[in-house]
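Working notes, beginning with the structure itself.
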Amino acid sequence: EMTRREAFEFLVSFGMPVAPIYEAYESMSDPHLKARDMFVQVNHPIAGTYTTPNFPVKLSETPGIVEAPAPILGQHTEEVLTSLLGYSKEKIEKLEKSGIIVCHRN
């Protein structure tokens, strides 16, 4: 039986295109992934500051970036229901009071 590192080196010695498989927590300390800026810190209004995967594709002219943390449950509910579906404030309040939807307001 081989360790992950031994298996990696063994396969590389045959010219095979391989990469180690990591647990999620291990990937954040990989030197190659760090050099490629594969993780970024974001500030979340409830969870605080945490590390999350960055945009994985590196394009020179249109680089992707992580601009915001994951939304809070219900953060966009009211916006979607009013702007896309034309719901009134009263209808949204009724749905919220009955527990059908969740609205998170700042």
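Residue numbers for the sequence shown, in my numbering: 2 to 107. For each residue, glycine too, the CB sits at the ideal point set by N, CA and C.
- Per DSSP, the unbroken beta strand (DSSP E) holding V41 starts and ends at F40 to H45.
- Contact between E80 and I93 does not hold, since the beta-carbon distance rounds to 10 angstroms and is not under 8 angstroms.
- Residue state for P54 is assigned as strand, using DSSP reduced to three classes.
- By the CB criterion at 8 angstroms, V67 and F56 fall inside the cutoff.
- Between the C-alpha atoms of P21 and A8 there is a straight-line separation of about 9 angstroms.
- Checking the DSSP bridge columns, you'll see G49 partnered with H45.
- CA-CA distance, G87 to Q76, rounds to 17 angstroms.
- Per DSSP, reduced to three states, the secondary structure at E91 is helical.
- For the pair T83 and V41, the Cα-to-Cα distance works out to about 33 angstroms.
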